[in-house]
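Protein chains in written order, with the numbering used here: chain A, 15 to 315; chain B, 25 to 455; chain C, 11 to 309.
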Amino acid sequence: MAEPKVPVSEYGSMAGTRLQKGAVWRKVKWPVYHILVGALALLMLYPIIWMFFSSFKESRTIFTTATTLLPADWVWSNYVSGWKGIGGYSFGHYMWNSLVIVVLSTLGVVISSALIAFGFARLNFAGRNFWFGVMMVTLMLPHDVVLVPQYIIFTKLGWLNTINPIVIPQFFGAPFFIFLMVQFIRTIPKELDEAATIDGCGKFRLFIQIIMPLIKASLATAAIFSFYWRWEDLLGPVLYLNSPDKYTVSMGLKMFLDSESASNWGGMFAMSMVSLLPVILVFFLFQKHIVEGISSSGIKG
Amino acid sequence: MKMRKTVALATMVAILLLITACGNSGGGNASGGAQDGKTLRIAWWGSDARHEYTQKVIDLYKKQNPGVNIDIEYASFDDYWKKLAPQAAANQLPDIMQMDISYISQYAKNGQLEDLKPYIGSKIKLEDVSENVVSTGLIGGTQYGIPTGVNVLGFQYNPELLKKAGINEIPADWTWDDYKKMAMQAKEKGIYFDESMTADIFFNYFLRTKGHTLYNAEGTALGYEDDALFSEFFGTLSQMIKEGAAPSQETLSQNKGILEESTVVKGTGIGTWQWSNQFVALQKVADRPMALAPMLGPDMEKGIYMQPSMYWSIASSSQSKDEAAKFIDFWVNNEEANKLIKGERGVPISSKIKESVTPDLTEAEKQVFDFVSEMEPKASPMSPPPPVGSAEVIATLADYVEQINFGQTTPEEAAPKFRADANAILSNNQP
Amino acid sequence: MRNHSLKANLTGYAFISPFIIGFLAFTLIPMFISLYLSFTSYNLFSPPRWVGLDNFEKMFTGDPKYWNSVKVTLYYVFIGVPLRLTFALFVAMILNTGSKMIGTYRTIYYLPSIIGGSVAVSIMWRNIFSEQGIVNGLLMALGAAPVQWFGDPGAALSMLITLSVWQFGSSMLIFLAGLKNISPEMYEAASVDGAHPVRKFFSITLPLLSPIILFNLIMQTISAFMTFVPAYIISKGEGGPMDGTMLYSLYLFRQAFMFNNMGYASAMAWVMLIFIGVLTLILFKTSKMWVFYESEGGR
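Shown next, in the form of structure tokens:
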């Protein structure tokens, strides 16, 4: 059991304060805490755990045995049948398509957002506050309002059934990431730029050589979030991708769900798990970045 | 100084290049139709099984017609129309499209579909197809689609459970009264008789038996004016639910679209009302012997019709209409192809093909073919395809029926409201 | 001396130019098109036809389904967001201890938010609440009657709200970071004064956290108003039963892409935009009354 480095914050254990002085309480405090918090954590994860085990149940028995967690017989066939995908395209094909979209979008959005953020955070120019205000407003703009016209514009551009409508807008920065990075850059002491400028460093080199390395954390955060959002994006593919050859993971899953005839529940559960795998993997690898990124976005907002 | 700006500029250029580069990688050979006349785009909706065998049919076609390339596009029913509409607006429709009866009018009226008359006989051979069937593809006198196969409505049930409910068999000429009696009998034994009926399809059937139709011939309004028809039909259905002869609306909503959760599959209900081509999938999931019974009378003959399960249509913007027509001909007349299709898109329209695939059918598929053959001579001509705006009318009707079944309104109250709403939608959609 | 030299302006604009171009091309121009379309009848097939205020008139006076979607969305937002934030704050406070396990717990609690927007999770949710799903299994084990979660409009909406509360993670992280910024001395000082934990919560934690609460509140409210994927997947795009899960975005989507009523959908979008704008403004304006800002420069 983990030993606390500092005493439990008092406001964190409101229930316990009255007993705090008792020696018994001091002994059981941490185990009780961990049991309670751990139980809550388990409850949070239960749906995911349930889906995981269900994906090893036989399709037929998923519904009849929903209340028992462990499958009676472990079957792999769901993964085999699910991976086969739908209509001749394997699930791997959808994963690849998603990956292409994710990588291009992420690259685009991170680079452009960083450039823009640097402009807002460090450069002085006429109308900066105005544009920053505009950006903050777009951050809060409901996407619905541009949904229909964007759809019409992309249609007229002949971008239907291409990944352009999903990927290209990402190359013009995303307000959320810009905002995040501006917050980060603002925490870097200005003296650093001044020193660099005196050394004859131009703005662009300042950005590349001084600022970029210092905001790596927020770049990583933006990249991870971009990865998630593009990976899970459903609306873009639903609206813009027509041929199954180009379908993404979300579309692949949706096709399992839309069935006129008998559906392969086991396969769907199995592929749901597979589709979550990269997300969960990235999450556990980079969770520090994610937590920092999200945390700092709210501070001094 | 200068250098800095150059670097900045270079980055911009690099980014722009990246944008266009990825544009190309995504776009490239994408839409744009078939410019070289040898690449066809074909689109349909459906489920996994349909995608799979359709692909095989296409592969077969490609094998027999070297040099022809076919790009496929498919989606679920809902998504399909979402994707097709903007393509129509951009004049980028696929060369060959699967069309649904409730949408074909809209595409035909907007000049998106090719008149297929000139191709019939030369490119598309329909000698073995009955005139009644071919004519279901007529919209306002123009042949905008060729049926992929035909369906007929019926009651698909579990004979064993029927016996358990104390009913020996369903008579071929059963009526609404018989139905009510049987349903009550089943209910006494704690068995559901059916799962209610899909509002628009069966209301249309009911109206037809009474000499009306859901939409008028011009598609400008509903085809009936007597609200008593509405109250009678939906009154009966909601009564069934209230009595417990059909599952509650809660249960119906809960399990909508999940075959595994239907009462027939779970063995708690005797049967369900649906199109004949849905029988095979139902039987497969239920995994027990199933049977088909005709629709309810009186005047069943006036009500039933051979419905094209769906059509094949050719886009008027297509650059390869001849090639597209050839593919449709292949679909209709090729024996090998139809051995893959096996009536999944409705019973084949060519009598010759129907005969030649029969030996290869499974028991359930044979049942469907037999049922359709049995009904064919009794069926009346189809009403004109639903007009533009019908998708919204159907959704509106479904809403009212849900409200009735939930007890939030009565059939008598809903009837005039539905008629007003539907007529407003239909007149809104008039050009 | 002028503040901004030409060179400074050029450099500045060079850096933010992607944003400006993107803003014009993908936001501002589409917004104008959308505004124009909201006064037309447009079905993609034939050119837009000017109908004046017809769309708005229909929306406000002739479309009960519209009002239903407004009602459902307001329920979703005004029940879901406070629940989510309360839960997030609660968990953040529990986790704001020195235990070494906190990193793990934090990760676990945050995980649902990461995967929450995905189709996979919506599919999972659908099945958890299905007739024979685990939730009903649990209810029956407790001796309660099973609920038809998709069969009752209220139940279906509460299921959606549960899904949104389950994804409290990102708000929790932001709260957690905020809590870490409150210096322990403040609590110590309060303890010396004999303050009760509840008192400390209301007189120290809440005021100091209020800017963060405001931020979370605004961001979560806006994103709640725009919720689409869960309702779309869980109701299979129909918003049922009885339009119980017909969130505003879903109804808009159906009008636009199912029935091709692009004009009507655009009008709906503009009404939503204005509503959210006004709401945000109200939150900001009233925030002066309840948000406590630390003096500048504290970091």
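For glycine and all other residues, C-beta sits at the position ideal for the given N, C-alpha and C.
From the options, pick the residue whose C-alpha is nearest to that of residue i; which is it?
i               : options                        : result
V356 of chain B : B:S71, B:G173, B:G190          : B:G173
G287 of chain C : A:S232, A:T152, A:L161, A:P227 : A:T152
S257 of chain A : B:S71, B:D95, B:L421           : B:D95
E286 of chain B : C:V129, C:E141, C:T296         : Inspection of the sequence shows that residue 286 of chain B is occupied by Ser rather than by Glu. Cα-wise, what sits closest to S286 of chain B is C:E141.
F270 of chain A : C:V91, C:M134, C:L148          : C:M134
N111 of chain A : A:N278, A:D247, A:V296, A:V159 : A:D247
V304 of chain B : B:D323, B:A317, B:E387, B:P271 : B:E387
F8 of chain A   : C:F263, C:T296, C:I124         : The first residue shown for chain A is 15 and the last is 315, placing residue 8 of chain A beyond what the model contains.
L121 of chain C : C:D73, C:S180, C:P58           : C:S180
Q184 of chain A : C:A166, C:F29, C:A205, C:D203  : C:F29
H75 of chain B  : B:L84, B:D384, B:M406, B:E97   : B:E97
V252 of chain A : A:L54, A:W245, A:M265          : A:M265
A269 of chain B : B:Q278, B:G243, B:T296, B:A252 : B:T296
A277 of chain C : C:L38, C:F302, C:T50, C:P40    : C:T50
F191 of chain A : A:A53, A:T79, A:L129           : A:L129
S333 of chain B : B:D311, B:D323, B:G135, B:Q122 : B:Q122
G169 of chain B : B:Q130, B:L186, B:I194         : B:Q130
V288 of chain B : B:G321, B:L186, B:W198         : B:L186
V208 of chain C : C:V61, C:S27, C:F100           : C:F100
Cβ of residue i within 7 Å of Cβ of residue j?
i               : j               : result
D119 of chain B : S340 of chain B : no
A241 of chain C : L257 of chain C : yes
I228 of chain C : L291 of chain C : no
T420 of chain B : Q427 of chain B : no
G187 of chain A : S91 of chain A  : no
V116 of chain A : F241 of chain A : yes
F235 of chain C : V87 of chain C  : yes
F283 of chain A : S95 of chain A  : no
Y85 of chain C  : G273 of chain C : no
I373 of chain B : V153 of chain B : yes
G250 of chain C : S277 of chain B : yes
Y216 of chain B : P271 of chain B : yes
M330 of chain B : A241 of chain B : no
I163 of chain B : P410 of chain B : no
Quickly, what does DSSP pair residue i with across the bridge? List them, please.
i               : result
M123 of chain B : B:Y335
P171 of chain B : B:Y335
A73 of chain B  : Answer is none; A73 of chain B lacks a bridge partner.
L246 of chain B : B:Y239
W297 of chain B : B:F179
E97 of chain B  : B:A67
V153 of chain B : B:S374
I163 of chain B : B:T166
G321 of chain B : B:T199
L316 of chain B : B:Q180
I100 of chain A : A:Y103
S404 of chain B : B:Y329
L137 of chain B : B:A339
I148 of chain B : B:I144
Y216 of chain B : B:G293
Stretch-stretch touch, CB-based, cutoff 8 Å, three pairs: the region 184-199 of chain C with the region 203-212 of chain A: Contact between the region 184-199 of chain C and the region 203-212 of chain A is absent, because fewer than three Cβ pairs lie under 8 Å.
Contact between the region 114-131 of chain B and the region 407-419 of chain B (3+ Cβ pairs under 8 Å): Enough Cβ pairs lie closer than 8 Å, so yes.
Segment contact, 8 Å Cβ cut-off, at least three pairs: the region 251-269 of chain A with the region 133-144 of chain A: Judged by Cβ distances under 8 Å, the region 251-269 of chain A makes no contact with the region 133-144 of chain A, as fewer than three pairs qualify.
Any 3 or more C-beta pairs closer than 8 Å across the region 209-222 of chain C and the region 183-191 of chain C: When C-beta atoms of the region 209-222 of chain C are compared with those of the region 183-191 of chain C, three or more pairs fall below 8 Å, so the two segments count as touching.
The region 224-242 of chain B touching the region 390-399 of chain B, judged by at least three CB pairs closer than 8 Å: With the cut-off at 8 Å, the region 224-242 of chain B and the region 390-399 of chain B do not touch.
Residue ranges of each beta strand (DSSP E) within the region 19-59 of chain C, 3 or longer: DSSP runs (the beta strand (DSSP E)) wholly in the region 19-59 of chain C: none.
Three CB pairs or more closer than 8 Å across the region 207-217 of chain B and the region 374-383 of chain B: Flag = no, the region 207-217 of chain B and the region 374-383 of chain B do not touch.
Three-pair Cβ contact test at 8 Å for the region 156-176 of chain C versus the region 282-297 of chain A: With a cut-off of 8 Å, the region 282-297 of chain A and the region 156-176 of chain C do not count as touching, because too few Cβ pairs lie within range.
Stretch-stretch touch, CB-based, cutoff 8 Å, three pairs: the region 299-313 of chain B with the region 137-149 of chain B: The answer is no - the region 137-149 of chain B does not touch the region 299-313 of chain B, with fewer than three Cβ pairs under 8 Å.
Whole runs of the alpha helix (DSSP H) within the region 198-230 of chain C, excluding any shorter than 4 residues: The qualifying runs are 207-210.
Entirely enclosed alpha helix (DSSP H) segments - the region 236-307 of chain A, minimum 4 residues: If one requires a minimum length of 4 residues, the alpha helix (DSSP H) runs lying completely within the region 236-307 of chain A are 249-254, 263-271, in chain order.
Three-pair Cβ contact test at 8 Å for the region 23-43 of chain C versus the region 143-159 of chain A: The region 23-43 of chain C is in contact with the region 143-159 of chain A.
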